[in-house]
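See below for the structure under consideration.
2 protein chains.
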Amino acid sequence: MQKEQAPTRIQVKKRATILEAALEVFSAQGFRGSTLHQIAAEAGLSKPNVLYYFASKEAIYKALLERLLDTWQDPLRALDPDGEPLEEILSYIRRKLQMSRDFPRESRLFANEIVQGAPRIYAALEGELKALVDEKAAVIDQWCAQGRLARVHPHHLFFSIWALTQHYADFDVQVRAVLGTQEPFDAAPEFVETLFRRTLSV
Amino acid sequence: MQKEQAPTRIQVKKRATILEAALEVFSAQGFRGSTLHQIAAEAGLSKPNVLYYFASKEAIYKALLERLLDTWQDPLRALDPDGEPLEEILSYIRRKLQMSRDFPRESRLFANEIVQGAPRIYAALEGELKALVDEKAAVIDQWCAQGRLARVHPHHLFFSIWALTQHYADFDVQVRAVLGTQEPFDAAPEFVETLFRRTLSV
DNA sequence: AAAGAGTTTGACCATTTGGTCCAGTTCACG
DNA sequence: CGTGAACTGGACCAAATGGTCAAACTCTTT
Numbered sequence: 774m775q776k777e778q779a780p781t782r783i784q785v786k787k788r789a790t791i792l793e794a795a796l797e798v799f800s801a802q803g804f805r806g807s808t809l810h811q812i813a814a815e816a817g818l819s820k821p822n823v824l825y826y827f828a829s830k831e832a833i834y835k836a837l838l839e840r841l842l843d844t845w846q847d848p849l850r851a852l853d854p855d856g857e858p859l860e861e862i863l864s865y866i867r868r869k870l871q872m873s874r875d876f877p878r879e880s881r882l883f884a885n886e887i888v889q890g891a892p893r894i895y896a897a898l899e900g901e902l903k904a905l906v907d908e909k910a911a912v913i914d915q916w917c918a919q920g921r922l923a924r925v926h927p928h929h930l931f932f933s934i935w936a937l938t939q940h941y942a943d944f945d946v947q948v949r950a951v952l953g954t955q956e957p958f959d960a961a962p963e964f965v966e967t968l969f970r971r972t973l974s975v
Numbered sequence: 774m775q776k777e778q779a780p781t782r783i784q785v786k787k788r789a790t791i792l793e794a795a796l797e798v799f800s801a802q803g804f805r806g807s808t809l810h811q812i813a814a815e816a817g818l819s820k821p822n823v824l825y826y827f828a829s830k831e832a833i834y835k836a837l838l839e840r841l842l843d844t845w846q847d848p849l850r851a852l853d854p855d856g857e858p859l860e861e862i863l864s865y866i867r868r869k870l871q872m873s874r875d876f877p878r879e880s881r882l883f884a885n886e887i888v889q890g891a892p893r894i895y896a897a898l899e900g901e902l903k904a905l906v907d908e909k910a911a912v913i914d915q916w917c918a919q920g921r922l923a924r925v926h927p928h929h930l931f932f933s934i935w936a937l938t939q940h941y942a943d944f945d946v947q948v949r950a951v952l953g954t955q956e957p958f959d960a961a962p963e964f965v966e967t968l969f970r971r972t973l974s975v
């Protein structure tokens, strides 16, 4: 594969196929638990062919993580300091919950990585993510100070939002096992919204 | 190793040593990501010696899971139908949060297992756990009906408690990365308690 | 102190793993 | 259509993995 040239049609398509297969496999078993063989099989390619498009198992994983990290932070970036406080936060929560429903594999990929100590993503957490959260936490703090929101620790508020919304993706099996036949996302949105409304209303 | 005889002193001690080492390793890397070599090294034993006390890697993992599942459900079992509703739930939450602080490895062991689809523990979730949760959910429902608690979906209430409290153990690296120098457990108890107090107070 | 049970480990094994090589095939383009 | 670049996959490799075995060592009991 060349270095600086524009990628060919095939390269674009095959790399996407591989990343999709890798998401499927890595999100279900974590980095160490996944094998190139599984990824190749899932992608419908031979193992050497996969390694023709990516330098190594690690390179696939990192490419995935990188590509998704940004997307994952989008909802928080959209939190508008000039909007109506409670509505802004609730709409952030709604977006996060939707992502848990629509992209559970992505959520689980991160969950696996972080539960296992975030060995390959720690820098981004401490850098990018912390910066973004600090910025938005300041906004929340101001809203609280202005009496437009009940007083809360803004960082822990974010933790609670992440915990609650991602729980439905990351612990999906458990949620379903406990609920029985009930669909998790039938009641989840209303419950989560009510919880945070009560917590944040002045 | 004999089958029905009482275990010897050495057996008791070594099996405990191995389970402790296995908890350290499995909780950090999940089942597939962990190796017998790592567990043996952590336990300070040779690999064949580890396999003298447990039939296989899988047997160690299952023994661990089994031993811990019970402990993990204890706080919920302690929820008293005859107690004061809000106080009962808050004290359940406090206990869960303490477990996240004092036994993060145990929490991560379950997190790993469940994120990866709970292949070796699903029966217990659907059986034991569901039964216990259903029982306690009925209690909550009654409390709500009696107007002694704000109306909430009891199952989702439990999910939110698990999500929030276990987040501090399972996502510890991320929480610390985002908080910077702040200790997570300095503010967490008050935040969590406030959140649920506001959610559940009539 | 002798004997049998219980314990320990070095050497070994088959399989799986991430990764390489190279000969062959397909594709884009002048 | 021809040619060089891009692509593909069977055979291969060294290391790691879960697990076995038998010989040796230690402990308890009589």
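Here the protein sequences line up with chains A and B, keeping their order. Read in the working numbering, the first sequence has 810 at position 37, and its numbers run on one by one without any break. Read in the working numbering, the second sequence has 916 at position 143, and its numbers run on one by one without any break. Beta carbons are placed, not taken as given, at the ideal position from N, Cα and C, and that holds for glycine.
Output the distance between the C-alpha atoms of Ser1046(A) and Leu937(B), rounded to the nearest integer angstrom.
-> With chain A covering only 774 through 975, there is no way to say anything about residue 1046(A).
Using a beta-carbon distance cut-off of less than 7 angstroms, what residues from the stretch 793-825 of chain A approach chain B?
-> Ala801, Gln802, Gly803, Arg805 and Gly806
Sequence-distant residues of its chain with Cβ nearer than 7 angstroms to Lys776(A) (five each side left out) | Residue placement at Lys776(A) cannot be trusted, given a pLDDT of 39 that sits under 50; what the coordinates show is reported in the next sentence. Here the set comprises nothing.
According to the neighbour-count rule (16 or more other Cβ atoms, all chains shown, within 10 Å of its Cβ), is Pro848(B) buried or exposed?
-> buried
Should Met774(A) be labelled buried (16 or more other beta-carbon atoms within 10 Å of its own) or exposed?
-> Below a pLDDT of 50, predicted positions are generally treated as unreliable, and Met774(A), at 37, falls in that range; the measurement from the model is reported next regardless. Met774(A) is exposed by the Cβ-count criterion.
Kindly list the residues whose CB is nearer than 6 angstroms to the CB of Pro927(B), restricted to its own chain and excluding five residues on each side of it in sequence; keep chain order.
-> Ala910, Ile913 and Asp914
Measuring only between beta-carbons, confirm whether Glu831(B) sits less than 8 angstroms from chain A.
-> no
State yes or no: is the beta carbon of Phe827(A) nearer than 8 angstroms to at least one beta carbon in chain B?
-> no
Helix, strand or coil: how does DSSP classify Ala891(A) here?
-> coil
Neighbour list for Thr972(A) in chain B, Cβ cutoff strictly below 8 angstroms | Thr967, Leu968, Arg971 and Thr972
Arg867(A) to Arg874(A) span [Cα, whole Å] | 11 angstroms
Excluding sequence positions up to five away, which residues of its chain have a Cβ less than 6 angstroms from the Cβ of Gln811(A)?
-> Val798
Check each residue of the stretch 877-888 of chain A: if its Cβ is closer than 7 angstroms to any Cβ of chain B, include it; give the result in chain order.
-> Arg881, Ala884, Asn885, Ile887 and Val888
Cutoff 8 angstroms: Lys776(B) Cβ touching any chain A Cβ = Its pLDDT being 38, under 50, Lys776(B) is placed unreliably in this model, and the coordinates cannot settle the point.
Can you list the residues of chain A that Lys903(B) reaches, using a CB-CB cut of under 8 angstroms?
-> Ala950, Val951 and Gly953
Member of Val785(A), Gln846(A) and Leu973(A) whose CA lies at the smallest distance from the CA of Gly920(A) = Leu973(A)
Look up Leu792(A) in the DSSP assignment and say whether it is helix, strand or coil.
-> helix
Using the Cα positions of Glu899(B) and Glu857(B), report the straight-line distance between them to the nearest angstrom.
-> 29 angstroms
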